[in-house]
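Chemist:
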Amino acid sequence: MLRKTGLLFLFLLLLLPLTQAIAQDWIRTGTNRGAPIRLAVPDFKPSGSDPQNAPLLSVFNDTLWSDLDNAGIFDMVAKSFYPAAQPGQPSEMKLDAWGNAPVNAAMVAFGNLGVNAGKVDVQGWLFDAKNASFPQVLGKQYREDATPDKARLIAHRFADEIIFRLGGGIPGIAESQIYFVSLRSGTKEIWSMDYDGANQKQITKLGSVALSPRISPDGSRLAFSGLTHDSWQILMYSMDLGRTVAFPRYSGDNFSPAWSSDGTKIAFSSSMHSGLSEIFVADASGANARRLSTGKGDVSPVFNPKTNGQIAWVSGRTGLPQIYVMDADGSNVQKMTDQGYAVSPAWSPNGLLLAFSWVRNYGPGVLGGQDIYLMDIASRQIVQLTHDGGRNDFPSWSPDGRHIVFQSNRSGTEQIWSVLADGTHLQQLTRQGRNSQPNWSFK
Amino acid sequence: MAYVRANMFYEREQWKKPLLVSVGFHGALVLAILVLGYVLAPHGTSNWGATGEGSAIHADVVASIPLPHTEESPNIVANESKGVTQTVPQPKPVETEDGISIPGKVTKPKTIDKPQTQERVQPRPTPTPEQTAVAYGEGGPVSGPYGNFNTTSTKGGFSIQNADFGAQFGWYVQNVNRVVSNAWYQVEVDPRVTNAKRVYLLFDIDRNGRPSNVRFEQRSDIPSLDQSAMRALQRIDTFGPLPPGYRGDKVSVEFWFDYHR
Chain A
281 MLRKTGLLFL FLLLLLPLTQ AIAQDWIRTG TNRGAPIRLA VPDFKPSGSD
331 PQNAPLLSVF NDTLWSDLDN AGIFDMVAKS FYPAAQPGQP SEMKLDAWGN
381 APVNAAMVAF GNLGVNAGKV DVQGWLFDAK NASFPQVLGK QYREDATPDK
431 ARLIAHRFAD EIIFRLGGGI PGIAESQIYF VSLRSGTKEI WSMDYDGANQ
481 KQITKLGSVA LSPRISPDGS RLAFSGLTHD SWQILMYSMD LGRTVAFPRY
531 SGDNFSPAWS SDGTKIAFSS SMHSGLSEIF VADASGANAR RLSTGKGDVS
581 PVFNPKTNGQ IAWVSGRTGL PQIYVMDADG SNVQKMTDQG YAVSPAWSPN
631 GLLLAFSWVR NYGPGVLGGQ DIYLMDIASR QIVQLTHDGG RNDFPSWSPD
681 GRHIVFQSNR SGTEQIWSVL ADGTHLQQLT RQGRNSQPNW SFK
Chain B
-2 MAYVRANMFY EREQWKKPLL VSVGFHGALV LAILVLGYVL APHGTSNWGA
48 TGEGSAIHAD VVASIPLPHT EESPNIVANE SKGVTQTVPQ PKPVETEDGI
98 SIPGKVTKPK TIDKPQTQER VQPRPTPTPE QTAVAYGEGG PVSGPYGNFN
148 TTSTKGGFSI QNADFGAQFG WYVQNVNRVV SNAWYQVEVD PRVTNAKRVY
198 LLFDIDRNGR PSNVRFEQRS DIPSLDQSAM RALQRIDTFG PLPPGYRGDK
248 VSVEFWFDYH R
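Sequences listed follow chains A and B, in order. Per this note's numbering: the first sequence = residues 281 to 723. Per this note's numbering: the second sequence = residues -2 to 258.
1) Mapping DSSP to helix, strand and coil, what is Gly34/B?
2) With 9 Å as the threshold, decide whether the Cβ of Ile453/A is near any Cβ in chain B.
3) Got a sec, what are the start and stop residues for the alpha helix (DSSP H) Phe438/A sits in?
4) Run through DSSP, which three-state label would Glu424/A get?
5) Alpha carbon to alpha carbon, how far is Trp253/B from Met473/A? Give it in angstroms, no decimals.
6) With a floor of 3 residues, list each beta strand (DSSP E) that falls wholly inside the region 564 to 618 of chain A, ordered by position along the chain.
7) Does DSSP put Trp405/A in a helix, in a strand, or in coil?
8) DSSP state of Ser519/A, grouped into three classes?
9) Nearest by alpha-carbon distance to Lys615/A: which of Pro601/A, Leu463/A and Ala626/A is it?
10) What does Ser327/A touch in chain B if you count any residue whose Cβ is under 9 Å from its own?
11) Per DSSP, Pro326/A forms a beta bridge with which residues?
12) Answer with yes or no whether the minimum CB distance from Asn396/A to chain B is below 9 Å.
13) Spatial neighbours of Ala454/A within its chain, please: C-beta separation below 6 Å, excluding the five flanking residues on both sides.
14) How big is the Cα-Cα spacing for Asp401/A and Ala626/A?
15) Can you tell me whether DSSP reads Glu455/A as helix, strand or coil?
16) Do you know how far the Cα of Thr508/A is from the Cα of Tyr182/B?
17) When the Cβ atoms of the region 546 to 554 of chain A are set against those of the region 521 to 538 of chain A, are three or more pairs found closer than 8 Å?
18) Would the region 637 to 646 of chain A count as touching the region 235 to 250 of chain B if we require 3 or more Cβ pairs under 8 Å?
19) Cα separation between Trp512/A and Gly506/A?
20) Against Arg175/B, what residues of chain A qualify as contacts under a CB-to-CB distance less than 7 Å, listed in chain order?
21) Provide the residue span of the beta strand (DSSP E) that contains Gln664/A, from first to last.
22) With a 10 Å radius around its C-beta and 16 neighbouring C-beta atoms as the bar for buried, classify Gln661/A as buried or exposed.
23) In this structure, how does DSSP classify Pro240/B when only helix, strand and coil are distinguished?
24) Between the region 474 to 487 of chain A and the region 224 to 243 of chain B, can you find at least three pairs of beta-carbon atoms closer than 8 Å?
25) Which residues bound the beta strand (DSSP E) around Trp378/A?
26) I'd like to know whether the C-beta atoms of Gly398/A and Asp425/A end up nearer to each other than 9 Å.
27) Given a threshold of 16 other Cβ atoms within 10 Å of its Cβ, counted over all protein chains shown, does Thr598/A qualify as buried or as exposed?
28) So the alpha helix (DSSP H) Ala335/A belongs to, where does it begin and stop?
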């Protein structure tokens, strides 16, 4: 009898992990278009007495604040509301002081920075100010050379971690790059900059004209349109090698390259076939180019980055340029706009929205600016993103799908601007020379 | 002369007869009592308290006795007015762990327990660190004195059934809420609809944060609203990976859509 009982107990014991595995956690919630996450970011504290701490802390704190503010998902709590005692370690964090009035923060990002033997060490935490039992959401530690650039890099990475956790799993853009055309060197060349306009650097030194920069999804190659001695060609620049690398040259003029999001194909417009621009697709190496469109005056192709199964482009086949969409094999052509002057389509990373530049009422004597618009492709509903700000053109989506960078002459000269996809948080990114045709990196 | 000698000591009294008479009398008396009792006793099957027989007083319970109204004197000393003064109640005796002390009672002195010698405590073995320790920065909550703070409920009615997940990863639940809400395009709903029943969707979130197994739990019976809710989920690629501190493979979500124009 005792033996039978023991066996039964053992059997039940073996079943226990199984029942735990079957047990399912449930979340029950509903729609709530509440305010953005209220985030407090007290300045990081020095963790030592090294004289380099102060300048690096200044760079770090400014960059972290700017990154989180630019993310578009946080309501940043002004520092004037913060308690006098600011934490640098979890043991110094008093949640009730941050979670209650006047701060009323939902989340607090804090930490410390210290220079030691030429290296900067940063510890950062993200705490849920409303959860006293389990406050820690994130904890990170970084170690880099003690330079301002590295302090900026660490701030970018920590900001991206926070945005990734609290932004619904969409990676932050703090480490992304924007490529653009600048005339500041005397000729139009391709330049790059951080997403916030910092670290502007010249990439190409073609000496003629370089237009339409498009960075590959892995960030290793930069395709662009370059004016050679006899024609416009698609040129390829290796970011790893720091020079232009071989890419097939086709007859006629070839413009506006565009990568598929898997990096295996390049679409571009070329007059190689009929003397008029048509849409072509080639392998990433430039081989096996094949014509997709049969219309004349087709330019500016762009893949649907979500599926790579569709291409949007601009065609003047019915008069003024309009936005069209077709399948990646050239079939199922659809006209998306049917009035005004619509150019420069840019497909959102989730494949749902199309940004484009539109002169809605185009013609002699007709008042109206050139603005950036967003179209929900499924419903074809259109929202105007920019208003009354000169000529706005060449929109490009950020990898997180929350920002759009574009060129505008609203400041008097062509410059690069960025804006949240809801039309807020407009920022001028370039101020020197004339800058145009921005392209945001894939990541 | 005849000499009559009377010797009383030799003369025996005859008691046999009176004894028999007495016994007979008492027997007759007992018999008479029994016969009389039988004759006079009530005969029949009447029950006590039977209806129609006898009488009882019927009493109703009332809350108070209606006293006749008395003519009230305006004098506050003569009438039942509480007056203008107030009596301060005496403070209650403080109840201690030993109870309320009774005045005059002599408490028995407590017996002093026999002093106990402290047992020798065996030192606990030092725990060996787990091989599955969470890497720095990926771990769970930090323990520490953070005071008492109650989680406030947010607008829209959060209710998380699983206390473990909801309490520990409330920020993730809010992520789910925010992402779905932002992916729901209310313009897709028939503009003639101003109010509707809640739509309930069920879905799972896997370890990588991807939604799957989306299905209706309850429809609103308005096709455009139901479809807009389903499309909202179809637009979402990820909610972000489940928190590193969560050990399950997936969580199930019940999500409702409230539509009011």
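Ideal placement from N, C-alpha and C gives every residue a C-beta, glycine not left out.
Modeler: With the given structure in hand:
1) helix
2) The C-beta of Ile453/A comes no closer than 9 Å to any C-beta of chain B.
3) Segment Pro428 to Leu446, the alpha helix (DSSP H) holding Phe438/A.
4) strand
5) A straight-line Cα-Cα distance of about 43 Å links Met473/A and Trp253/B.
6) 578 to 583, 590 to 595 and 602 to 607
7) Trp405/A: strand per DSSP, three-state reduction.
8) Per the sequence shown, residue 519/A should be read as Met rather than Ser. Looking at Met519/A - three-state DSSP - the assignment turns out to be coil, as it is neither helix nor strand.
9) Pro601/A
10) Those within 9 Å of Ser327/A in chain B number zero; the least Cβ separation is about 16 Å.
11) Beta-bridge partners assigned by DSSP to Pro326/A: Leu393/A.
12) no
13) Asp347, His436, Ala439 and Asp440
14) 40 Å
15) coil
16) 48 Å
17) yes
18) no
19) 6 Å
20) Per Cβ cutoff of 7 Å: Gly448.
21) Its beta strand (DSSP E) spans residues Gln661 to Gln664.
22) exposed
23) coil
24) no
25) Run containing Trp378/A: none in the beta strand (DSSP E); it sits in the alpha helix (DSSP H), Leu375 to Gly379.
26) The criterion of a C-beta distance shorter than 9 Å is satisfied by Gly398/A and Asp425/A.
27) exposed
28) A quick correction: the sequence has Pro, not Ala, at residue 335/A. Start and end: Asn333 to Asn350.
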